[in-house]
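Asks: So that we are looking at the same thing, I have put the structure below in C-alpha cells.
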Amino acid sequence: MQKIVLFYSVAFFSCLFSMAQVVNPANKKFNVYKIDVNPNATKEGIRGIAVLFSCEFLISDAEYNGMKDKQGKVRMTFYAGIRDASNEPVYQAYDFPGYKKSSNYVGVHFADEIVLMPQNKAQGLRNTGIELFIPFTSTALPEGANNVTFALNAYNEKAGRFENIHTQKVAITKPATYAVTLQPQQIAVIDKAGKRYEVGQLEQDIFALPGSKKEAKDITAFANVDLKDELQFTYCEGDVIRLKLQKSIETGLIRLNKTRVLRTKDGKPLPSFDNVAGITGEWTFDTKAVKTTSLKNNGVEIVLRIEKYKIPAVQLSAFKVNPFSTHEGVTGTSITFDYKATVGSSLPPLTAWLTYQPRNTEEIVNIHNGKVISGQAKLDSTGLLTLSKSATSGKMEVFYPAYQILLQDPNVRQQPSKQFSLQIHLANNPYVIARKEAKTDLTIQTVREAVLPTLLKLKDTLVAGVNGVTLSLPYTLPKIYFDTKEQKSLEIMDGGKENKVTELFRKITVLNEDVKRINPTSKTAVTYQISKPQSAVKVFLPYTSLNKVEEKPLPFRVSLNITDGTNKVTAGESIASIQYQIDRSKLRFVSVGIANIKLKEANTGDIAWRIRSKDKILYESKLIPADKLIENLYTDAFYIHEDDKLVVEMLKGKNAETLKVAVSWEKPVKNLTSGEQITLEPSKLPNNTDDGDTKSLTITYTAQ
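Note that the sequence shown covers residues -20 to -1, 1 to 684 in mature numbering (1 follows the signal peptide of the UniProt record, and there is no 0).
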C-alpha cells in the first residue's frame, strides 16, 4: 500500500490515534474560556494564527481515573481545525504530526497538557494559558480575506477524541504565498590557506528553516548541495527564511544514511581538501532578491539562481465520489470535480492528489493506476494528476478500477474508506493550494469481470504429423486490465481429490504464441500467463501421453488472476469440467515390456532400453550394468494411434554419452495383435549394429 504524507510524517499521529480509538463527541466535558484567536500574528519571524486559551475539565473523579496513563497522569492534547465558508477543511492538525508543543518549534500544532488535580477542589480541573500557533503556510487558505470556522479539539489516549469543544467564526486575511526554487549555479570551497576550489558537489545539505529563532527545528525543505539538484520551499509574505548548510548526519537536522563526498565540477573527489569542517553556515534568505543570491563565508561560497512565483488561487467545487461506477465493462470508483484557476505561463502546472483514509486508521492512501475519463489532464502511475495549463477551468473525471484498488491496498476489504480527499498543488511543491473532502464508503469484496468457460472438450486432432487431442480454454477480460503492466494469468486447479486435471495439463503443450506456461509453484495448480484481452489457451496432447480416457467429465476450477508481484486479485472464476470426445476405435492401449536380455559376458558396460513412437520417445530406462542375464526390467502402458508405429530399442555403451542403439524392433500399431512375446536374436536381424555380445532380447506387448 502506498501512503503519502501531506508536508510531514504521519507516524506520530498514527500512534496518537490508534485503531482502537473512537471519536467521542461529548464536548460538554470541556469549558473553553478566555480564548483569544489572533488571525494576524507573528511569532519569531513567521506569520500565522496565534491562539491562547484556558480550559476547565468538567469530568468526574471516575472519568479522571479512567484517563490516567501508565505513569498515573492524565495527558490531554489540544489541536485545531479550520474550515472555510464552504465547510471544507483548510487546516487539520493531523497533517502536521511532527510538531508538538516545544520551544524548539515555531509552529505549535499540538499542545500537550497534564491535567492536575487542584489543591482546592472547588476550583475544579483546569489548565490556563494554553498556546497554539498555526503558520499561514500550514493552511490551504487563498490569499486575501477569508471567513472561516475555527474549532478546538482534544485527545486523550484512554478516552479518545473530543471534537469541536469550542468553535467560533474568525476573519483571516492571508498574505501572498510564494514558492521558491534555488538552483546552485556556482559552488566553491576555500581551504585554510585561502585557496579557492571550484566544485560540483559538497558533502553537506542545504536546509530551508522558517523563522528567526536559530534553535527552532522546523524544516521547510532540504536538498543536496550539487550543481544538479535544487531546493524548493514555500513562504508567506513577511516570513523569515533561514538557509543552513550542514551535514545531515549531524545532530539537530534530518539524519540520512547516505555517503557523499566533496567532488570537483567533473565529478572527481577532493580527498586532500583540509577544511571540510569549515563548510557550514547559516544565512537569512533575502525574499526581495530576484535573480540570484549568494551564501558566503570563510569556507564556502554558493551562488544560487532564484525562481520565485506567487501561488495562484484555485477554486474547487462539485467534488463527488461514486464508489460503484463502471467504465468499459470494468467496475470501480469514479471521482469528479470542477476547478477554476489562472496559472501564469511561468508557473508549473497544477497537480492533484486523490486520496482516501481507511476507517479506524489515520493513514492517508493515494490511489494510483487510474484512468482520466474526461478533462484535460494526465495521470501517472503514482496517482499524481497533472492538469493542463491551457485550461483555466474544467471538469475532471478519473476512474479507478476496483482490481487496482485491491492490488494496491488489500486491506480495503477489512477497512473500507471513511473519506476521500482532493488536494491541489503546483507541480513539485508540497504546498496545498486548495482542498476538498467527501465522506464515502468504499466497499470492495470481489471482482467478477472475466468470462470463463464451464465446459472444455478434448478432441481428436493431428498437429505436425502427430496424432493427439486438443483443448481450447477461451477467456474474455476487459481491455482496461491490459493498460498496465501487472501479470495476467489463468490458473487451473483440480476439482476432485485425485489431481487428474492438473496431471493432464502438465503433459500438455501450449500451441499459441501469446500464452506462456508459468513455472509451477503448486502441485495442485497449473498457470498460464496471458497477454490479450480476448483469446483462448490452446493446448495439444499426443495420444502417447494419454494413459487413460475418462468416461465421466473431470471437474476443475479455472480463475483469471491479476498480480503485481506482491498482491493478487481474482478477476473471475468458473467451476468447469473437461469432457473427452475421442474416437477410441482408432486407438490402441498398449502395454510393452522386456522380459529378459541374455548376454554372452557380464561387466561389458551399461545397457538401457527405450520405447518410442515414430516421432516421440515414450520411455527410456536408466543405465543398467551389463550381466549375462537381465530379467523383467520394466513394463509401460499408453495409448497410441493406429496410424503410428511402435518401436522398442536396446542401447549399449560404456556410459550415458556412448550409448548407441544395438537392437531395434518396430511394428505398425494397426498390425499389433492382442498379445505377443517376441524373442529377437541380433545376429539374425537386418541392419544389426550389436557388437556380438547380445544373445537374445525378449519383448512382450499387449494391445487392446
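All C-beta atoms in this analysis are idealised placements derived from N, C-alpha and C, irrespective of residue type, glycine included.
Which same chain residues end up closer than 7 Å to I610 when comparing Cβ atoms and leaving out the 5 residues on each side of it in sequence?
Replies: Here residue 610 refers to the residue found at position 630 of the sequence shown. N576, I577, I604, listed in sequence order.
Asks: Between the alpha carbons of A65 and P122, how many angstroms are there, rounded?
Replies: As a working mapping, residue 65 is identified with position 85 in the sequence shown. As a working mapping, residue 122 is identified with position 142 in the sequence shown. Their Cα atoms are separated by approximately 12 Å.
Asks: Bridge partners of G655, per DSSP?
Replies: In the sequence shown, residue 655 corresponds to position 675, counting from 1. T682.
Asks: In this structure, does DSSP put Q514 in helix, strand or coil?
Replies: Stepping through the sequence shown from its first residue, residue 514 is reached at position 534. Of the three classes helix, strand and coil, the one that applies to Q514 here is strand, per DSSP.
Asks: Using the DSSP secondary-structure output, state which residues sit across from E611 in a beta bridge.
Replies: For this step, residue 611 is matched to residue 631 along the sequence shown. Answer is N576, bridged to E611.
Asks: Thinking C-beta only, is V641 closer than 8 Å to L626?
Replies: Taking the sequence shown and counting its residues from 1, the one referred to as residue 626 is at position 646. Taking the sequence shown and counting its residues from 1, the one referred to as residue 641 is at position 661. Result no, Cβ atoms of L626 and V641 do not sit closer than 8 Å.
Asks: By Cβ distance, which residues of its chain are closer than 8 Å to G573, with the 5 residues on each side in sequence left out?
Replies: On the sequence shown, residue 573 is found 593 positions in, with the first residue counted as 1. The residues are N612, L613, Y614, T615, D616, I679, T680, Y681.
Asks: Between the alpha carbons of L660 and L677, how many angstroms are there, rounded?
Replies: Numbered from 1 along the sequence shown, position 680 holds the residue referred to as residue 660. Numbered from 1 along the sequence shown, position 697 holds the residue referred to as residue 677. Rounded to whole angstroms, L660 to L677 spans 5 Å at the Cα level.
Asks: Compare the C-alpha of Y523 against each of S539, K532, D360, L438 and name the closest.
Replies: Taking the first residue of the sequence shown as 1, we reach residue 523 at position 543. Taking only the C-alpha atoms, the option nearest Y523 is L438.
Asks: Using DSSP with H/G/I as helix, E/B as strand and the rest coil, what is F76?
Replies: Walking along the sequence shown from the start, residue 76 turns up at place 96. The predicted model places F76 with a pLDDT of 49, which falls under 50 and marks its position as unreliable; any figure quoted below should be read in that light. Coil, per DSSP.
Asks: Classify T426 as buried or exposed, calling it buried when 16 or more other Cβ atoms lie within 10 Å of its own Cβ.
Replies: For the purposes of this step, residue 426 is taken as the residue at position 446 of the sequence shown. Label assigned to T426: exposed.
Asks: If you measure between the beta carbons of T507 and E471, is that distance less than 8 Å?
Replies: Translated into positions along the sequence shown, residue 507 becomes position 527. Translated into positions along the sequence shown, residue 471 becomes position 491. Contact: yes.
Asks: Mark Y13 as exposed unless 16 or more other C-beta atoms lie within 10 angstroms of its C-beta, in which case mark it buried.
Replies: Your numbering for residue 13 matches position 33 in the sequence shown. Y13 should be labelled exposed.
Asks: Drop a sphere of 10 angstroms on the beta-carbon of D157, count the other beta-carbons inside from all chains shown, and report buried for 16 or more, exposed for fewer.
Replies: Taking the sequence shown and counting its residues from 1, the one referred to as residue 157 is at position 177. Looking at the sequence itself, residue 157 is Thr, so the reference to Asp does not match. The residue in question, T157, is buried, as its Cβ has 16 or more Cβ neighbours within 10 Å.
Asks: Go ahead and label E478 buried or exposed: buried means 16 or more other beta carbons lie within 10 angstroms of its beta carbon, across all protein chains shown.
Replies: Looking up residue 478 in the sequence shown gives position 498. Per the 10 Å Cβ criterion, exposed.
Asks: Expressed to the nearest angstrom, what Euclidean distance is found between the alpha-carbon atoms of T260 and Q184?
Replies: Looking up residue 260 in the sequence shown gives position 280. Looking up residue 184 in the sequence shown gives position 204. Taking the straight line joining both Cα atoms gives about 8 Å.
Asks: Relative to the alpha-carbon of D92, which residue among P69, S118, R63, N133 has its alpha-carbon at the smallest distance?
Replies: Residue mapping note: residue 92 aligns to position 112 of the sequence shown, counting from 1. Ranking the options by Cα distance to D92, first place goes to N133.
Asks: Is A173 helix, strand or coil when you go by DSSP?
Replies: Counted from its first residue, the sequence shown places residue 173 at position 193. Correct three-state label for A173: coil.
Asks: Taking just the CA atoms, how far does K194 sit from Q226?
Replies: Stepping through the sequence shown from its first residue, residue 226 is reached at position 246. Stepping through the sequence shown from its first residue, residue 194 is reached at position 214. When only Cα atoms are considered, Q226 and K194 end up about 14 Å apart.
Asks: Out of E111, V345, K154, point me to the one whose CA is closest to V128's CA.
Replies: Against the sequence shown, residue 128 aligns to sequence position 148. The candidate whose alpha carbon is nearest that of V128 is K154.
Asks: When you compare the region 305 to 318 with the region 433 to 447, are there three or more beta-carbon pairs, one atom per stretch, that lie closer than 8 Å?
Replies: no
Asks: Can you look up P5 in the DSSP assignment and give me helix, strand or coil?
Replies: Here residue 5 refers to the residue found at position 25 when the sequence shown is read from its first residue. Residue placement at P5 is flagged as unreliable, the pLDDT there being 49, under the threshold of 50; the coordinate-derived value follows with that caveat. If DSSP states are grouped into helix, strand and coil, P5 belongs with coil.
Asks: In chain order, which beta strand (DSSP E) runs of at least 3 residues are fully inside the region 419 to 488?
Replies: 435 to 443, 446 to 456, 467 to 474
Asks: Is it right to say F485 is buried, meaning 16 or more other beta carbons lie within 10 angstroms of its own, or is it exposed?
Replies: Within the sequence shown, residue 485 is the residue found at index 505, counting from 1. Buried: at least 16 other Cβ atoms inside 10 Å.
Asks: Is the beta carbon of K375 less than 8 Å from the beta carbon of G350?
Replies: Here residue 375 is taken as the residue at index 395 of the sequence shown, counted from 1. Here residue 350 is taken as the residue at index 370 of the sequence shown, counted from 1. Not closer than 8 Å, so no.
Asks: Which same chain residues, not among the five before or five after S452, have their C-beta less than 6 Å away from its C-beta?
Replies: Mapped onto the sequence shown, residue 452 falls at position 472. A516, K518, listed in sequence order.
Asks: Whose C-beta lies closer than 6 Å to the C-beta of R106 among residues of the same chain, with five residues either side of it excluded?
Replies: By one-based count along the sequence shown, residue 106 stands at place 126. Excluding sequence neighbours, R106 sits near E36.
Asks: Taking DSSP's pairing of strands, which residues face I620 in a bridge?
Replies: As a first step, residue 620 must be located in the sequence shown, where it is residue number 640. As DSSP reads the structure, I620 sits in a beta bridge with R568.
Asks: Would you kindly work out how many angstroms separate the C-alpha atoms of E24 and G324, rounded to a whole number?
Replies: The residue given as residue 24 occupies position 44 in the sequence shown. The residue given as residue 324 occupies position 344 in the sequence shown. A direct Cα-to-Cα measurement between E24 and G324 gives close to 33 Å.
Asks: Nearest to V31 by CA position, among E143, N100, Q148, is which residue?
Replies: By one-based count along the sequence shown, residue 31 stands at place 51. Nearest of E143, N100, Q148 to V31, Cα basis: Q148.
Asks: Does the region 293 to 306 come close enough to the region 397 to 409 that 3 or more CB-CB pairs lie under 8 Å?
Replies: yes
Asks: Suppose you measure from the CA of K528 to the CA of S593; what does that come to, to the nearest Å?
Replies: By 1-based counting over the sequence shown, the position of residue 528 is 548. By 1-based counting over the sequence shown, the position of residue 593 is 613. The straight-line gap from Cα to Cα measures roughly 18 Å.
Asks: Whose C-alpha, out of K503, T366, S502, is nearest the C-alpha of V378?
Replies: For the purposes of this step, residue 378 is taken as the residue at position 398 of the sequence shown. Among K503, T366, S502, the Cα nearest to that of V378 belongs to T366.
Asks: Quick check on the burial criterion: 16 or more other C-beta atoms within 10 angstroms. Buried or exposed for V2?
Replies: Residue 2 sits at position 22 when you count from the first residue of the sequence shown. Unreliable placement is indicated for V2, whose pLDDT of 41 sits below 50; no coordinate value is reported for it.
Asks: Here's the rule: buried if 16 or more other CB atoms are within 10 angstroms of the residue's CB, otherwise exposed. What is T331?
Replies: Translated into the one-based positions of the sequence shown, residue 331 becomes position 351. A buried status is given to T331, since no fewer than 16 other beta-carbon atoms sit within 10 Å of its beta-carbon.
Asks: Decide yes or no for the touch test of the region 639 to 653 against the region 533 to 543: beta carbon pairs closer than 8 Å, at least 3 of them.
Replies: no
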